[in-house]
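As C-alpha coordinates, the structure follows; a few thoughts come after it.
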Amino acid sequence: MFAREKELAEESRQQKEKTDELNTEIESLKKENKKLAALQKTVELLEKEKNTLRDKIDNLRRRSGDSDKTADALMAAIQKNETLEKLNASLEKKLSEQETTRDKKHTKSTSAKAGAAAKFKCSECGAMVGAHDKKCPSCGESFE
(Lines of atoms letter the chains of each structure in order from A and count residues from 1; the text may use other names and numbers.)
(Lines give C-alpha, C1' and ligand atoms only; values in the text may rest on other atoms or scores of the structure.)
Protein backbone atom coordinates (compact mmCIF):
# COMPACT_ATOMS: atom_id res chain seq x y z
CA MET A 1 0.00 0.00 0.00
CA PHE A 2 2.93 2.32 0.72
CA ALA A 3 4.16 1.79 -2.86
CA ARG A 4 0.75 2.87 -4.19
CA GLU A 5 0.91 6.04 -2.10
CA LYS A 6 4.35 6.78 -3.53
CA GLU A 7 3.03 6.17 -7.02
CA LEU A 8 0.07 8.50 -6.43
CA ALA A 9 2.37 11.15 -4.95
CA GLU A 10 4.64 10.92 -8.00
CA GLU A 11 1.65 11.22 -10.35
CA SER A 12 0.45 14.22 -8.39
CA ARG A 13 3.89 15.84 -8.56
CA GLN A 14 4.08 15.26 -12.31
CA GLN A 15 0.63 16.75 -12.84
CA LYS A 16 1.60 19.78 -10.75
CA GLU A 17 4.74 20.22 -12.87
CA LYS A 18 2.66 20.08 -16.05
CA THR A 19 0.19 22.56 -14.58
CA ASP A 20 3.03 24.90 -13.61
CA GLU A 21 4.51 24.63 -17.10
CA LEU A 22 1.15 25.43 -18.69
CA ASN A 23 0.62 28.37 -16.33
CA THR A 24 4.06 29.72 -17.25
CA GLU A 25 3.23 29.35 -20.93
CA ILE A 26 -0.13 31.07 -20.42
CA GLU A 27 1.57 34.02 -18.71
CA SER A 28 4.05 34.22 -21.57
CA LEU A 29 1.22 34.21 -24.10
CA LYS A 30 -0.58 36.93 -22.14
CA LYS A 31 2.54 39.10 -22.33
CA GLU A 32 2.83 38.41 -26.07
CA ASN A 33 -0.85 39.25 -26.47
CA LYS A 34 -0.36 42.60 -24.71
CA LYS A 35 2.56 43.38 -26.99
CA LEU A 36 0.52 42.44 -30.04
CA ALA A 37 -2.40 44.57 -28.84
CA ALA A 38 -0.08 47.56 -28.49
CA LEU A 39 1.30 46.91 -31.96
CA GLN A 40 -2.23 46.58 -33.31
CA LYS A 41 -3.12 50.00 -31.90
CA THR A 42 0.02 51.45 -33.45
CA VAL A 43 -0.85 49.88 -36.79
CA GLU A 44 -4.38 51.29 -36.57
CA LEU A 45 -3.00 54.76 -35.91
CA LEU A 46 -0.59 54.37 -38.79
CA GLU A 47 -3.44 53.22 -41.01
CA LYS A 48 -5.36 56.40 -40.17
CA GLU A 49 -2.24 58.44 -40.84
CA LYS A 50 -1.77 56.64 -44.14
CA ASN A 51 -5.32 57.46 -45.21
CA THR A 52 -4.83 61.09 -44.20
CA LEU A 53 -1.61 61.21 -46.22
CA ARG A 54 -3.35 59.69 -49.25
CA ASP A 55 -6.05 62.34 -49.01
CA LYS A 56 -3.37 65.03 -48.86
CA ILE A 57 -1.67 63.52 -51.90
CA ASP A 58 -4.91 63.59 -53.85
CA ASN A 59 -5.52 67.21 -52.85
CA LEU A 60 -1.97 68.21 -53.80
CA ARG A 61 -2.21 66.54 -57.17
CA ARG A 62 -5.51 68.23 -57.86
CA ARG A 63 -4.22 71.68 -56.89
CA SER A 64 -0.96 71.62 -58.69
CA GLY A 65 0.82 69.52 -61.22
CA ASP A 66 4.12 70.99 -59.96
CA SER A 67 3.91 69.34 -56.55
CA ASP A 68 4.91 65.84 -57.67
CA LYS A 69 7.99 65.87 -55.46
CA THR A 70 5.88 66.54 -52.38
CA ALA A 71 3.40 63.89 -53.41
CA ASP A 72 6.22 61.38 -53.91
CA ALA A 73 7.55 62.12 -50.42
CA LEU A 74 4.11 61.47 -48.98
CA MET A 75 3.88 58.22 -50.94
CA ALA A 76 7.20 57.13 -49.42
CA ALA A 77 5.70 57.69 -45.96
CA ILE A 78 2.75 55.53 -46.92
CA GLN A 79 5.11 52.75 -48.03
CA LYS A 80 6.60 52.71 -44.52
CA ASN A 81 3.10 52.30 -43.09
CA GLU A 82 2.44 49.37 -45.42
CA THR A 83 5.64 47.70 -44.18
CA LEU A 84 4.26 47.96 -40.65
CA GLU A 85 1.03 46.34 -41.83
CA LYS A 86 3.04 43.37 -43.11
CA LEU A 87 4.80 43.14 -39.75
CA ASN A 88 1.44 43.16 -37.99
CA ALA A 89 0.17 40.32 -40.20
CA SER A 90 3.28 38.30 -39.36
CA LEU A 91 2.78 38.90 -35.63
CA GLU A 92 -0.88 37.88 -35.84
CA LYS A 93 0.14 34.65 -37.58
CA LYS A 94 2.68 33.91 -34.82
CA LEU A 95 0.07 34.54 -32.11
CA SER A 96 -2.37 32.24 -33.88
CA GLU A 97 0.27 29.48 -33.99
CA GLN A 98 0.99 29.94 -30.27
CA GLU A 99 -2.72 29.74 -29.45
CA THR A 100 -3.05 26.56 -31.51
CA THR A 101 -0.09 25.03 -29.65
CA ARG A 102 -1.56 26.05 -26.30
CA ASP A 103 -4.97 24.58 -27.23
CA LYS A 104 -3.35 21.27 -28.25
CA LYS A 105 -1.43 21.07 -24.96
CA HIS A 106 -4.60 21.91 -23.01
CA THR A 107 -6.51 19.14 -24.82
CA LYS A 108 -3.78 16.58 -24.04
CA SER A 109 -3.63 17.68 -20.40
CA THR A 110 -7.42 17.46 -20.01
CA SER A 111 -7.61 13.96 -21.51
CA ALA A 112 -4.71 12.77 -19.31
CA LYS A 113 -6.47 14.03 -16.18
CA ALA A 114 -9.71 12.33 -17.20
CA GLY A 115 -7.87 9.02 -17.72
CA ALA A 116 -6.10 9.27 -14.37
CA ALA A 117 -9.40 9.85 -12.56
CA ALA A 118 -11.11 6.67 -13.97
CA LYS A 119 -11.96 4.07 -11.29
CA PHE A 120 -13.76 0.74 -10.97
CA LYS A 121 -14.88 -1.61 -8.19
CA CYS A 122 -12.72 -4.53 -7.11
CA SER A 123 -14.44 -7.81 -8.02
CA GLU A 124 -13.23 -9.40 -4.78
CA CYS A 125 -14.01 -6.82 -2.07
CA GLY A 126 -15.90 -4.00 -3.85
CA ALA A 127 -13.35 -1.27 -2.99
CA MET A 128 -12.77 1.53 -5.54
CA VAL A 129 -9.61 0.92 -7.59
CA GLY A 130 -7.83 3.34 -9.99
CA ALA A 131 -7.89 2.39 -13.67
CA HIS A 132 -4.10 2.04 -13.71
CA ASP A 133 -3.81 0.05 -10.45
CA LYS A 134 -2.43 -3.46 -10.76
CA LYS A 135 -3.70 -4.57 -7.34
CA CYS A 136 -6.62 -3.67 -5.10
CA PRO A 137 -5.41 -1.35 -2.32
CA SER A 138 -7.84 -3.04 0.12
CA CYS A 139 -7.57 -6.76 -0.43
CA GLY A 140 -4.56 -7.15 -2.74
CA GLU A 141 -6.52 -8.76 -5.62
CA SER A 142 -4.38 -8.69 -8.79
CA PHE A 143 -5.82 -7.18 -11.98
CA GLU A 144 -3.10 -8.00 -14.52
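Residues 11 to 154 (this note's numbering) make up the sequence shown, in order.
Think of the CB as a built atom: it goes at the ideal place given N, C-alpha and C, for glycine as much as any other residue.
Since the model is a prediction, treat every value here as computed from it, not as a measurement.
- With respect to LEU39, LEU94 sits apart: the two C-beta atoms are not nearer than 9 angstroms.
- Note on geometry: alpha-carbon atoms of PRO147 and PHE130 lie some 12 angstroms from one another.
- Secondary structure at PHE153: coil, using DSSP grouped into helix, strand and coil.
- LYS129 sits in a strand when the DSSP states are folded into three classes.
- For LYS115, the secondary structure class from DSSP, reduced to helix, strand or coil, is helix.
- Secondary structure of LYS144 (DSSP, three-state): coil.
- Closest in C-alpha terms to HIS142, from the list LYS114, CYS149 and PHE153, comes PHE153.
- Restricted to the region 44-74, not a single beta strand (DSSP E) segment is unbroken, complete and at least 3 residues in length.
- Nearest C-alpha to LYS115 among ARG64, THR29 and ARG14: THR29.
- Listed as beta-bridge partners of MET138 by DSSP are LYS131.
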